[in-house]
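According to full-length UniProt numbering, the sequence shown holds residues 1 to 295 in order.
Glycine included, each C-beta is placed from N, C-alpha and C at the ideal position.
Given the structure is predicted, the values throughout are model-derived calculations rather than measurements.
One structure below.
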Amino acid sequence: MSAVLDSLVSLLDMETIEENLFRGASQDLGFRQLFGGQVLGQSLSAATKTVQVSRQAHSMHGYFLRPGDATKPVVYEVERVRDGGSFSTRRVTAIQNGKTIFTCSVSFHDAEEGFTHQPVMPKVPMPEELAPETIIAEYLAGELPDDKREKMLRPKPIETRPVQILDPLDPAAGEPVKQVWFKACAPLPDNPTLHKYLMAYASDFGLLTTSLIPHGVSIWQPFMQVASLDHSIWFHNQVRMDDWLLYSMESPWAGHGRGYSRAHIFNREGVLVASTAQEGLIRMREDWKDRKSMS
Numbered sequence: 001m002s003a004v005l006d007s008l009v010s011l012l013d014m015e016t017i018e019e020n021l022f023r024g025a026s027q028d029l030g031f032r033q034l035f036g037g038q039v040l041g042q043s044l045s046a047a048t049k050t051v052q053v054s055r056q057a058h059s060m061h062g063y064f065l066r067p068g069d070a071t072k073p074v075v076y077e078v079e080r081v082r083d084g085g086s087f088s089t090r091r092v093t094a095i096q097n098g099k100t101i102f103t104c105s106v107s108f109h110d111a112e113e114g115f116t117h118q119p120v121m122p123k124v125p126m127p128e129e130l131a132p133e134t135i136i137a138e139y140l141a142g143e144l145p146d147d148k149r150e151k152m153l154r155p156k157p158i159e160t161r162p163v164q165i166l167d168p169l170d171p172a173a174g175e176p177v178k179q180v181w182f183k184a185c186a187p188l189p190d191n192p193t194l195h196k197y198l199m200a201y202a203s204d205f206g207l208l209t210t211s212l213i214p215h216g217v218s219i220w221q222p223f224m225q226v227a228s229l230d231h232s233i234w235f236h237n238q239v240r241m242d243d244w245l246l247y248s249m250e251s252p253w254a255g256h257g258r259g260y261s262r263a264h265i266f267n268r269e270g271v272l273v274a275s276t277a278q279e280g281l282i283r284m285r286e287d288w289k290d291r292k293s294m295s
């Protein structure tokens, strides 16, 4: 693995403090608060450590309650709600400074056969035909303060290749639809749970901001207050995070200062491996319009 991917894998490998109690380090990605994907991945990791190996996570539903601090670790308390004949349920509470910043429920299921159907993957260019998002980052970097520029140009553990090129500094209004190919930047071990942790981490990139597209605004504009309120993931099939996945996102609704987005995640063979949904705060702040950049 590359150094930056190895660092992320270590971040998601929780330290056991006591039975049902875990601690995870934090990373600063340059956002206003702790990146929600980190908390999603670490919560799933903590919950998984309390379940028998034969049961795999099939759904996760969480609420972001307070902004996290990227300079401090997060403590995760897991409640063993139920272990049934084929399903197990865990409730996870993420804590910083003695306060809950995130809570979620995770359900696990023994593998079994059953009916199957799925949607057809959208017809989009394959990742080999698209430019890496690093090109966009290089363009943006010149418009940002030195500290933000340095963070933007750091090597990333998750490589992305957007189908639609959107200018976040001067966005044009368009249809609330977005597709992005993504994968880990290097090969990963054959550990199914690790691939799910990484998918949970990556699923928070770009989903909520799909709801901004029809309004001609972006998260990079200093007068926009954007934050995740909740996040759900359904794991449908086994996934490899070190091969390309298509994140096909849409936002069917926004209103009352909130935006709702949903998405399907396909592997390159067109198999639906996961689905996600998220609602978040998308508030235009008139009192922030004199700001020069993200703070």
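Would residue i be called buried (16 or more neighbouring beta carbons within 10 Å of its own) or exposed?
| i | result |
| --- | --- |
| I158 | buried |
| N237 | exposed |
| S295 | Low per-residue confidence applies at S295: pLDDT is 41, beneath 50, and the placement is therefore not dependable, though the value from the model is reported in the following sentence. Exposed, by the Cβ-count rule. |
| Q221 | buried |
| H264 | buried |
| H195 | buried |
| V78 | buried |
| T210 | buried |
| W181 | buried |
| S293 | Reliability of the predicted coordinates at S293 is poor, the pLDDT of 47 falling under 50, and no value is obtained from them. |
| G114 | exposed |
| R161 | buried |
| K156 | buried |
| L169 | exposed |
| V120 | exposed |
| A111 | exposed |
| E133 | buried |
| V239 | buried |
When the Cα of residue i is compared with those of the options, which residue comes out closest?
| i | options | result |
| --- | --- | --- |
| Y27 | M60, I17, G68, V51 | Reading the sequence as shown, one finds Gln at residue 27 and not Tyr. Minimum Cα distance to Q27 is reached at G68. |
| G98 | S2, V74, R82, P119 | V74 |
| G255 | M241, P214, E113 | P214 |
| L40 | D13, T160, E133, V4 | D13 |
| C104 | I95, T16, E112 | I95 |
| F35 | D83, R258, G206, F266 | G206 |
| P122 | V53, E133, V163, V51 | V163 |
| L8 | S275, G257, I135, A186 | A186 |
| Y63 | I165, L166, F102, T193 | F102 |
What first and last residue would you give for the alpha helix (DSSP H) that runs through residue i?
| i | result |
| --- | --- |
| P252 | Where P252 is concerned, there is no enclosing alpha helix (DSSP H), although the beta strand (DSSP E) it sits in stretches over 245-255. |
| Q42 | 36-48 |
| D204 | No alpha helix (DSSP H) holds D204; DSSP gives it neither H nor E. |
| A3 | 3-12 |
Looking only at its chain, what residues have a beta carbon closer than 6 Å to the beta carbon of residue i, apart from the 5 residues adjacent to it on each side?
| i | result |
| --- | --- |
| A277 | S232, R262 |
| L21 | E77 |
| V4 | P155, P157 |
Can you find the residues in the same chain that come closer than 8 Å, C-beta to C-beta, to residue i, ignoring five residues on each side of it along the sequence?
| i | result |
| --- | --- |
| T71 | S26, D28 |
| R268 | M126, P127, D243, W244, L245, L246 |
| Q118 | H236, V271, L272 |
| E250 | P176, V177, K178, T210, S261, R262, A263 |
| A173 | I213, P214, H215, G216 |
| Q33 | P67, G68, D69, A70, A227 |
| N191 | none |
Less than 8 Å between the CB atoms is what I'm expecting for residue i and residue j, so what's the real figure, rounded?
| i | j | result |
| --- | --- | --- |
| W234 | H58 | 7 Å |
| L65 | T100 | 6 Å |
| D230 | E279 | 5 Å |
Could you check where the beta strand (DSSP E) with residue i kicks off and where it finishes?
| i | result |
| --- | --- |
| L21 | 21-24 |
| L272 | 272-284 |
| M126 | Counting along the chain, M126 falls outside any beta strand (DSSP E), and DSSP gives it neither H nor E. |
| F223 | Counting along the chain, F223 falls outside any beta strand (DSSP E), and DSSP gives it neither H nor E. |
| I213 | Neither: I213 is in no beta strand (DSSP E) and is coded neither H nor E. |
| F266 | 258-267 |
| W288 | Run containing W288: none; DSSP gives neither H nor E here. |
| D110 | 99-110 |
| A184 | 177-184 |
| G62 | 55-64 |
| Q96 | 87-96 |
| V75 | 74-83 |
| R161 | 158-162 |
| E15 | 15-18 |
Does any residue of chain C bring its CB to less than 9 Å from the CB of residue i?
| i | result |
| --- | --- |
| F205 | This model lacks chain C altogether; it includes just one protein chain. |
Identify, in the order they occur along the chain, each residue of the same chain with its Cβ nearer than 7 Å to the Cβ of residue i, setting aside the five sequence neighbours on each side.
| i | result |
| --- | --- |
| M241 | K183, A184, L188, H195, L198, M199 |
| V106 | L44, A47, A57, M60, R90, V92 |
| H109 | R55, Q56, H58, S86, F87 |
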